[in-house]
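Everything below concerns the one structure shown next.
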Amino acid sequence: MIEQSGFVKALLSSGPASDRTEQLKLYSWLIGDWTMDATVHRDDGTTLTGVGEIHFGWVLQGRAIQDVWILPGIFYGTTLRIYDPGLKAWHILRSDPLHQAYTRQLGRAEGNEIVQIGKNDQGETQRWRFTDIGRDSFRWLGELSRDDGKSWQLQAEFRARRL
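Structure representation (structure tokens):
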């Protein structure tokens, strides 16, 4: 077994921060390891499919959740989700260094879904949704609007199952 470095020890947390446990429940059910069936729709009309993995964990003294999404040959990225008590929302900061793609959104519960909304580098509105949430499964939809939310184009769909 490889001994954890000081960096890993400083980053990872064993659970949520005690001063905001209730607010952190929106995403806390994701903690753990998942497999996913993925479909990615490109603007040129082509579709990519594959099987990938997702890993979620507590970080930064339990005040944030970080994940790693891996879809071999398509993307390899990480997302940091940080609850903001002042906004009563989550800051979503995603990076995919392979494609130099960066996203910033705000996430909140909307009914039985978790909805994250923000703008991409071109100023288009992105909406990412966790839907069909079960104890050991969820569906994730990535959508794009080029008309400020009047219509949505499906960019990606992931069906995840807990390992």
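Here the sequence shown is numbered in this note's numbering, starting from 109 and rising by one per residue. Note that CB positions come from ideal geometry on N, CA and C, so glycine has one too.
- Under the criterion of beta carbons closer than 8 angstroms, L134 and W198 qualify as touching, at roughly 7 angstroms.
- Shown here for E265: same chain residues with a beta carbon closer than 6 angstroms to its own, the five before and five after excluded, namely T147 and L249 in chain order.
- Leaving aside the five residues that flank P193 on each side, the residues in its chain whose CB is nearer than 8 angstroms to its CB run, in chain order, R128 and Q131.
- Following the DSSP letters along the chain, one finds S203 inside the beta strand (DSSP E) bounded by residues A197 to D204.
- About 6 angstroms separates the Cβ atoms of G185 and R202, confirming a contact at the 8 angstroms cut-off.
- Around the beta-carbon of F115, fewer than 16 other beta-carbon atoms lie within 10 Å, marking it exposed.
- Excluding the 5 residues flanking it on each side, G257 has same chain C-beta neighbours closer than 7 angstroms at T233, in chain order.
- In the displayed model, A217 falls within a strand according to three-state DSSP.
- Here T187 is buried. Its C-beta has 16 or more other C-beta atoms within 10 Å.
- Between D141 and L195, the alpha-carbon positions lie close to 29 angstroms from each other.
- In the DSSP assignment, A172 falls within the beta strand (DSSP E) that extends over A172 to L179.
- Distance between H149 and L156, taken at the CA atoms: about 7 angstroms.
- The criterion of a C-beta distance shorter than 8 angstroms is satisfied by M144 and G160.
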